[in-house]
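Read the structure below first, then the notes.
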Amino acid sequence: MSAPSVHVCTCDGQFSYLVVNSEVTSNCYVYTIDKKTGGMYYAGVPDVDLFLDSKSAIINITDSVSNAQWQYLGKYLIGATIFDHQLIIMYVISDEVTAIYDNKHIKMIKSSDYYKIPLIDQTIEGDQTIFDFPMNENHFFSNYVDLSLPFPYFDVKKSTDEFFWNNRFTKIFEILHTTAVCIRVFQGGAFSLHKDTNTNSNITYIIKRSSHNSGTRYEARGLDKNHDPANECECSLIFTINGDNFGHTWRRGSAPIEWKTVLQSTFLAPQHIVKENPDEFTPEYFSKIIKRFDMEKVNIISLLNEAQEKGEVDLLQAYIKAVDRANKVLNSKISFNQIDINQIIANNKSKGRLVIFNILATVVNEIEFTSNFENQKKYSRFNCADSLDRTNLVSFYYAILVTYNFGLQHNIFVKEGDKSDDLTENINQDVLDFLCNAFISTGNIISLMYTNTPAIKTEAIRALMTEQTAVSPDVYITCLRRFHNVASDPYRHKMFKIWNQPENVDGQFYLDSRHLSAAIVPSKELKIALNSSIFEEEIKYFAINDITNQNLYVALPEPLLLSTISILVPPRTSTKSATFSICCGNLITQMYPLVVDISLPLLQESQWCVYNFHELVGQTTTLPISIKSLEPCNFINIRFNSMDSNLIIGNIKIAVQRPRKSMIAARSSDTNTSLGAGVAELTKNMTMPSLSDLTKLDRWILEKKVSIITRNESLVRNNQNPYFFDIPSRLSDTREDECSFCHYRLTNSIKFGAFQPFLNYFRRFSETEKPDISVHLCPSCADQMETNGLPYYDESLLTNLTIADLYAERSTAIIDSYQPIFNIGLQSSIFYSSPPSDFKELNEILNPTIAFKGWHTSKKNVQLVIAFQSSAEVSQILVLLGKDCLVGDFRVYTENFMELNVKEIKKIGNQAIYTFSDSDPTRCIIIILDSTSDIVIKNIQIRGTMKKMKKDKEKMISPEKVNSYKFKPADGIFDFLTHSQTFKFSQPRKVQSITFKTDDFQSIYIVFILNGKIYDWQQLLLPKISQGSYLRYTFEDISGNFDEIKLFYLDKKPMSVPLDVSFN
């Protein structure tokens, strides 16, 4: 097994690679990093992003990219997150074994560091908050023990992220189903009496501080809004004898009621303030820990001061009432015990420890242990105001009591002979020294995290040690704490909140060429001008010669949401129109249009034209063509259409998003042109439509199931901007000083919240990013809103909205461990079938683990095209057929229609195994099967290995050179309310082209008018391009002269300045 390691590869282009050699799985994982968005991707394909070791992964990537630069980071990966416009990779440089549990190491992080990858075109602000987190020597991990569980750490149903402190950093790896590559970091401590795995007896102390309600001393108190207490810790003292483990667990933390501390100045004592109804969620907290431990009884040991002048009496009384309330809910499972430790020590001096031992023994009554034979049923919970110093000291005494009881039961760890009332005198000195060191060390760590100072009240613990070390006096540490409360705690509190802030992993990311491949339609006659090399980083240009419709089918590695397509568009001299269309789906027979015939711009130099459809769907009134195109898909079809026989295009980049559990609703996308006249009739006199007018219009459109396209074209015929007649668009401008609908200046307004159906109607979002969209309306518009309502709230009309489901289960498997030859079919998708069939049913053929009746067809000839996640060399195919299915001919072709040579055929019952001679790598295979009977296919397994395709010598194509554009902005009039821009000419003229100076992505209708009559229109999607560049569009198909041009801006975003436009 190779040593654990973390490497990063930077190279030319948009992608970097993170390579992690896992100690746990003995595999090496490669994560593709998109430097544009910070997104990461892993598909689990052997020899693509899953390898036997880091050496083979490094060789593979170096051969695949340009100018690979490798850097060894460290031993273990803590995780990765995006912060301050950088992808931050955190890793462990050195560690130290501090504890042994079940013969497995628990380690302290001695040193760690960050590797920063700046995101392309982003400005780094220099925020250091996340980098100031005190990771080193305060955090621990184990690669083999899930310490999120309660002792004895094997009930996986009780796994929780509560005690892990790198949740933000591991979120992306959870999404990618590879959590095991990251260590899981806990805060607190883990220490063993002996660190030798061969010892027969041992004691281990583990304390885990909760990452919930994290923060600093006076900022995080009591229960937070999620009902988690501050400074909560779970402690376990574990005794090992001859391989058997016995554990006793307790909790410590802030009083679980709602309260806060106010620090009025550096010199005055802080004031504890109990909030109104402070115990509302106390029963919920105790119910949660009772369920976690399956406990029967909770012993609360409160160490709050009883003296009025100490300022903790109100807190104590509120806590007592909270326990009473919890007991009514939980059938009296909680006992409350008050110990004023300061008063006990003051009254009893050196004998205070004996008094505390007696009280603890009385309260707990019987010490129980969890083992293979029995479970602990009674648990204790300690607290003081801070849950720090008093709590740490009494927890130490409690650990002495637990150790003494265990020692008596098992005749170990305690001295022989007569026993003293002072339990510390009964325990072996090496054990006592260990417990002292463990509680001093962990007490300091918990205190450093909460107050930025070591613990106080440790002198009583140090006095029991064989070797004592000098420490700062308690009075000095107390003064230092007060200073930090004022000087550094606000910043440190922010640091903890940012550190534990959940990572949003729903954002888009680009896929590299290793995870994209060009699928093909089974047709020997079709000349494929576009292939998988179009996705590579190296800039290339492709000629689309003599093909008016050039289809590129893109195979995705799993069902994903198409977000953005970037096309490298070269300059061209031809004025003939060139367009592209995009469809999404899971089979060639089930592709749904997203956009159709979008014009490619004419440019002065090669530029990346970026079409962010995710953004546009949320802000335009025109997309998508089919709502189904927004659903997760396995395949994307990009079709280029041009009458230019010399059309050249460059590389293509595809950005996607992971499916998520939410939905989007939209109007019918079925074109119903016969209803267009009705829309035109309803709107022809609406020069300034009111909210009531548009409500009635939308209600009619929904009832009649009028498509967006039909509605828009009908409005354009009436010389009306669809934006102005779209309620969501009108209400999207949410300035507080103006009415969101009519834009009258507000002296007083009424605020309306946007409810779920309304949000779903015009915007797509994930569950973690629901925007707070509220509108401010003038009294008149507010009255219309209340009187008419919105049609999207009408349940009878909601059935007329089509729904896209943005969630899909992964249809391809992730391979658990590296295998050079494996079932490629597990990570493949059937792209085409003849006869046609359902995608889900077809792809069940490739899954050998499910009970499947089989794909049945009465046809005697079947064709299947199976697309792989990467290029592969097929060595064997196993076909399981129905009982009475008789196969005549079985042929397999590569993507270049080269037939695979069958070396051997084995038939056992209704199963046939075809072994092939060596063949060239292919990204898909075409299976043709003939039968003399009905065909029933139950399972197909394709065995092989992933191998790079041999690169054919490509003909180099250079883009044309064009003259610079002469750009002279035309004078136009912009109507802010209707989002329209009007250009009038002194006399009718031929408009050959329009040029925009913009770098913003948006949608526009161009309307051609003569003598007040509309003759034609064209919709444009302006891509995002380099700042200061020009976009030119020609109008070869639009003939005639015009004296007026109108631009209708369709997007749901405030506009104060229109685009600069030039006409030729």
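Just so we're aligned, residue 1 is where the sequence shown starts under the UniProt record's numbering, counting upward by one. Note that CB positions come from ideal geometry on N, CA and C, so glycine has one too.
Which complete alpha helix (DSSP H) runs does the segment 577 to 640 hold, if anything under 4 residues is left out? Taking only runs of at least 4 residues, the alpha helix (DSSP H) segments lying wholly in the segment 577 to 640 are 613 to 619.
Report yes if the CB atom of G189 is closer than 9 Å to the CB atom of M135, and no otherwise. In this structure, G189 keeps its C-beta atom at 9 Å or more from the C-beta atom of M135.
Complete runs of the alpha helix (DSSP H) confined to the segment 281 to 332 [at least 4 residues]: The segment 281 to 332 contains these whole alpha helix (DSSP H) runs: 282 to 293 and 313 to 330.
I565 to A808 span [Cα, whole Å]: Separation of I565 and A808 (C-alpha to C-alpha, rounded to the nearest whole angstrom) is 21 Å.
Throw me the rounded Cβ distance for the I1025 and Q607 pair, which I believe falls under 8 Å. So it is a contact: roughly 5 Å between Cβ atoms.
State the CB to CB distance for the pair N21 and C11, rounded to an integer number of angstroms; the pair is presumed to be in contact (CB under 8 Å). At roughly 20 Å, the Cβ-Cβ gap does not stay under 8 Å, so N21 and C11 are not in contact.
Determine the closest residue to P152 out of S236, D196 and I130, with distance taken between C-alpha atoms. Measuring from the Cα of P152, the nearest candidate turns out to be S236.
Have a look at T216 and N231 and give me their C-alpha separation to the nearest angstrom. In a straight line, the C-alpha of T216 is about 9 Å away from that of N231.
Distance between T478 and R252 (C-alpha atoms, nearest Å): Annotation: R252 to T478 spans about 21 Å, alpha carbon to alpha carbon.
Measuring only from the beta carbon, is T932 closer than 8 Å to any heavy atom that is part of the ligand MG? In the structure shown, the ligand MG is absent, as is every other ligand, since no ligand is present at all.
Just reading off the alpha helix (DSSP H) that P659 is part of, what are its end residues? Looking at the DSSP string, P659 is not in any alpha helix (DSSP H), and its letter there is neither H nor E.
Please classify Q508: is it buried, with 16 or more other beta-carbons within 10 angstroms of its beta-carbon, or exposed? Q508 counts as buried, since no fewer than 16 other beta carbons sit within 10 angstroms of its beta carbon.
Pick from T995, I1009 and I241: whose alpha carbon is nearest that of Y101? Ranking T995, I1009 and I241 by Cα distance to Y101 puts I241 first.
Determine, using beta carbons only, whether S1062 and T995 come nearer to each other than 9 Å. The answer is yes: Cβ separation under 9 Å.
Under 7 Å Cβ to Cβ from F133, same chain only, skipping five residues before and after it: list those, please. Once the five neighbours on either side are set aside, the close Cβ partners of F133 are M495 and W499.
If you draw a straight line from the C-alpha of N166 to the C-alpha of C584, how long is it? Between the C-alpha atoms of N166 and C584 there is a straight-line separation of about 37 Å.
Could you check how far apart the C-beta atoms of M946 and V48 are, in whole angstroms? I think they sit under 8 Å. Under the criterion of beta carbons closer than 8 Å, M946 and V48 qualify as touching, at roughly 6 Å.
Quick one: what's got a C-beta closer than 7 Å to H614's C-beta in the same chain, skipping five residues either side? Within the same chain, Cβ atoms closer than 7 Å to the Cβ of H614 are found at Q508, S563, T564 and Q657, the five residues on either side in sequence being excluded.
Looking at D942: is its Cβ nearer than 9 Å to the Cβ of H856? It should be pointed out that residue 942 corresponds to Ile in this sequence rather than to Asp. In this structure, H856 does not lie closer than 9 Å to I942 by Cβ.
Which ranges does the alpha helix (DSSP H) cover as unbroken runs of at least 4 residues, wholly within the segment 116 to 204, from first to last along the chain? The DSSP assignment places 167 to 175 as complete runs of the alpha helix (DSSP H) inside the segment 116 to 204, in order along the chain (cut-off: 4 residues).
Would you report the Cα separation of G909 and D930, rounded to the nearest angstrom? Near 18 Å, if we compare the C-alpha coordinates of D930 and G909.
For P46, which beta-bridge partners are listed by DSSP? DSSP lists L50 as the beta-bridge partner residues of P46.
Confirm, please, whether the CB-CB distance from S210 to E162 is below 9 Å. Pairing E162 with S210 gives a Cβ-Cβ distance under 9 Å.
Inter-residue spacing [alpha-carbon to alpha-carbon] between residue 1078 and I664: With the chain running from 1 to 1064 in the structure shown, residue 1078 is simply not present.
Going straight from the alpha carbon of I61 to that of P46, what length do you get? In a straight line, the C-alpha of I61 is about 13 Å away from that of P46.
Per DSSP, what kind of secondary structure is S993 in: helix, strand or coil? In the three-state reduction of the DSSP assignment, S993 falls in the strand class, which pools E and B.
May I ask you to list the residues that DSSP assigns as paired with K984? Beta-bridge pairing by DSSP links K984 to E1044.
So the candidates are S833, A867 and L826; which of them puts its Cα closest to the Cα of N847? Of S833, A867 and L826, the residue nearest in Cα terms is L826.
Own chain partners of V862 with C-beta closer than 6 Å, once the 5 adjacent residues on each side are dropped: So the list reads L929 and I935, once near-sequence residues are dropped.
Look at the alpha carbon of T204 and the alpha carbon of F246, and state the distance between them as a whole number of angstroms. If I take the Cα positions, the gap works out to 10 Å.
Alpha carbon of S532 to alpha carbon of C778, nearest angstrom: Straight-line spacing of the CA atoms in S532 and C778 works out to 56 Å.
The segment 617 to 636 in contact with the segment 582 to 598 per 3-pair CB rule at 8 Å: Enough Cβ pairs lie closer than 8 Å, so yes.
Going by DSSP, what residues sit across from D889 in a beta bridge? None; D889 has no bridge partner.
So, for L1059: in the same chain, excluding its five sequence neighbours on each side, which residues have a beta-carbon less than 6 Å away from its beta-carbon? F996 and T998.
Apply the 10 Å Cβ neighbour rule to T548 and answer buried if 16 or more other Cβ atoms are within range, or exposed otherwise. Annotation note: pLDDT 48 at T548 (below 50); position unreliable, coordinate value reported separately. Counting the other Cβ atoms within 10 Å of the Cβ of T548 gives fewer than 16, which makes it exposed.
Residue of F724, A543 and L675 minimising C-alpha distance to N646: Nearest of F724, A543 and L675 to N646, Cα basis: A543.
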